[in-house]
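Positions in the sequence shown are counted from 1; adding 64 to them yields our numbering.
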Amino acid sequence: MSTAPTLPDGLLLTFYGDDFTGSSAVMEVTAFAGLPTVLFLNPPTPEQLARFADRRVIGIAGIARSQSPEWMDRNLPPVLELLRSLGAPITHYKVCSTFDSAPHVGSIGRAIDIGTPILGGAWKPVVVGDPGMGRYQVFGNLFAVANGVGHRLDEHPVMARHPITPMDDANLGRHLAKQTTKTIGLIDLVAMKNGDADARLAGALRAGTEIVFLDVLDQETFVEAGRLIWENRGERLFAIGSQGLEAALVAHWRAAGLIPAEPGVLRAAPAERIACVSGSVSPITAAQIRFAVEQGFAPVPVDAAQAVDPGSWERECARSVERALAA
Numbered sequence: 065m066s067t068a069p070t071l072p073d074g075l076l077l078t079f080y081g082d083d084f085t086g087s088s089a090v091m092e093v094t095a096f097a098g099l100p101t102v103l104f105l106n107p108p109t110p111e112q113l114a115r116f117a118d119r120r121v122i123g124i125a126g127i128a129r130s131q132s133p134e135w136m137d138r139n140l141p142p143v144l145e146l147l148r149s150l151g152a153p154i155t156h157y158k159v160c161s162t163f164d165s166a167p168h169v170g171s172i173g174r175a176i177d178i179g180t181p182i183l184g185g186a187w188k189p190v191v192v193g194d195p196g197m198g199r200y201q202v203f204g205n206l207f208a209v210a211n212g213v214g215h216r217l218d219e220h221p222v223m224a225r226h227p228i229t230p231m232d233d234a235n236l237g238r239h240l241a242k243q244t245t246k247t248i249g250l251i252d253l254v255a256m257k258n259g260d261a262d263a264r265l266a267g268a269l270r271a272g273t274e275i276v277f278l279d280v281l282d283q284e285t286f287v288e289a290g291r292l293i294w295e296n297r298g299e300r301l302f303a304i305g306s307q308g309l310e311a312a313l314v315a316h317w318r319a320a321g322l323i324p325a326e327p328g329v330l331r332a333a334p335a336e337r338i339a340c341v342s343g344s345v346s347p348i349t350a351a352q353i354r355f356a357v358e359q360g361f362a363p364v365p366v367d368a369a370q371a372v373d374p375g376s377w378e379r380e381c382a383r384s385v386e387r388a389l390a391a
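Here's what the structure looks like:
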């Protein structure tokens, strides 16, 4: 008598997010898929980990996206070594779904160089596309939706003009090659759709390719990306990408019957008052804040310039809390 396929017991995945917002995006994907998830804002202590021993996904939110390669050299190794010690089959270095980065700040290539000797693995898959978020990778080029319109990344109204890491090249492999000397390959849309992905991966591994981008355009390629990663994870895999990586794994697990298609998700009960905190200066976030205010939310601006002085910042936080409570 055959039994239904199941996922292995214990941890399925650990991740380090290179910013706080992106880390919560991963948690959203896995938690809403019915996988118990915990996200730490600092490397957890053994006592904290013991409290969450039943979690299937564990993440640590960081700030590497805004830091120099030298900062990464000092700060990433202990975090990645901690994640390795947890023993999950996949450890994910989570980056923004627009892949914005540069050799001098938020270097994804440097993070890969640091993580490889710690986390190992026969290959390093990269999944950036996430159709549910309006992100599509086609023949290695990333497209992102803004205001309902799809743009090639180097023509995107926001990312092409990013003040710190402007994305002037939509070809992600070429962009990453400026940040690492590791060999980079691609399993393109055609191979992902016609059943050649496994053969292409095998060929890349024989050729010594270390980093492999996976095209993702639609649900079919999303499921295929998840399958390719899961079935070729080996004993341990170091993966890179947006929350699309977890979403692809979830899509495959659902398609394979490994997790329910529509798990029950606990929802918050109605509340008279809701507090919403934003730390983003993105034009998209600004539009969301304007909409919230138009719908009756009381705005409480926080003067971030006060953060340069601990005393001033403490007073500014107290003032903001008082204004919020009085709203």
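The beta carbon of each residue, even a glycine, is placed where N, CA and C say it ideally should be. Computed from a predicted structure; not experimentally measured.
Query, Result
"Around the Cβ of E288, are there at least 16 other Cβ atoms within 10 angstroms (buried) or fewer (exposed)?", "buried"
"Take the Cβ of H215 as the centre, count every other Cβ of all protein chains shown within 10 Å, and call the residue buried at 16 or more, exposed below.", "buried"
"When you compare only the Cα positions, how much space is there between G237 and F96?", "31 Å"
"How would you label L56, buried or exposed, when you count the other beta carbons within 10 angstroms and need 16 or more for buried?", "With the chain represented from 65 up to 391, any question about residue 56 goes unanswered, as that position is not in the structure."
"For G308 and V191, what's the separation of their Cα atoms in angstroms?", "6 Å"
"In angstroms, rounded to a whole number, what distance separates the CA positions of G249 and A311?", "22 Å"
"Just to confirm my understanding: we take T273, look at its own chain, exclude 5 residues before and 5 after, and list those with CB closer than 8 Å. What are they?", "W187, T247, I248, G249"
"Taking the alpha helix (DSSP H) that G237 falls in, what are its first and last residues?", "236-241"
"Go ahead and pull the three-state DSSP assignment for F395.", "No information on residue 395 is available, as it lies outside the stretch 65 to 391 that the chain covers here."
"Please name the residue, chosen from D137, D262, L281, V143, that lies closest to F207 on a Cα-to-Cα basis.", "L281"
"Taking the alpha carbon of I122 as the reference point, which residue from R270, A241, L253, P153 has its own alpha carbon closest?", "P153"
"Check this for me: beta carbons of V90 and V314, under 8 Å apart or not?", "no"
"Roughly how many angstroms separate the alpha carbons of M65 and A325, rounded to a whole number?", "Reliability of the predicted coordinates at M65 is poor, the pLDDT of 45 falling under 50, and the value obtained from them is presented with this limitation in mind. Answer to the nearest angstrom: the Cα atoms are 24 Å apart."
"Can you list, in chain order, the residues of its chain whose CB lies under 7 Å from that of L150, leaving out five sequence neighbours each side?", "L75, T78, I122"
"At 4 residues or longer, what runs of the alpha helix (DSSP H) sit wholly inside the segment 167-232?", "172-183"
"Is the beta carbon of I176 sitting closer than 8 Å to the one on I251?", "no"
"Given this structure, state the Cα-to-Cα distance separating P365 from G375, to the nearest angstrom.", "18 Å"
"What are the start and end residues of the beta strand (DSSP E) that includes L103?", "101-104"
"Count the other C-beta atoms from every protein chain shown that fall within 10 angstroms of the C-beta of Q243, then say buried if there are 16 or more, exposed otherwise.", "buried"
"Can you grab the Cα-Cα spacing for the pair F84 / G267, in whole Å?", "37 Å"
"What is the DSSP secondary structure of T78, counted as helix, strand or coil?", "strand"
"Sort F286, D73, D118 by Cα distance to R318 and report the nearest one.", "F286"
"Tell me whether I124 is buried or exposed, calling it buried when 16 or more other Cβ atoms sit within 10 Å of its Cβ.", "buried"
"Can you check whether the CB of D82 is closer than 8 Å to the CB of G173?", "no"
"What residue from V345, A391, E358, R297 has the CA that sits closest to G185's CA?", "R297"
"Can L140 and I178 be called in contact, C-beta distance under 8 Å?", "yes"
"Applying the criterion that 16 or more other CB atoms from any shown protein chain within 10 Å of the CB defines a buried residue, is I127 buried or exposed?", "exposed"
"Need the endpoints of the alpha helix (DSSP H) that L265 sits in, please.", "261-270"
"Between which residues of its own chain and G86 is the CB-CB distance below 6 Å, once the five residues before and five after are set aside?", "K158, C160"
"Round the Cβ separation of E145 and I182 to the nearest angstrom and send it over; I've been treating them as touching at under 8 Å.", "6 Å"
"For R300, which residues from the same chain have a beta carbon less than 6 Å from its beta carbon, with the 5 sequence-adjacent residues on both sides left out?", "G184, G185"
"In three-state DSSP terms, what is F84?", "helix"
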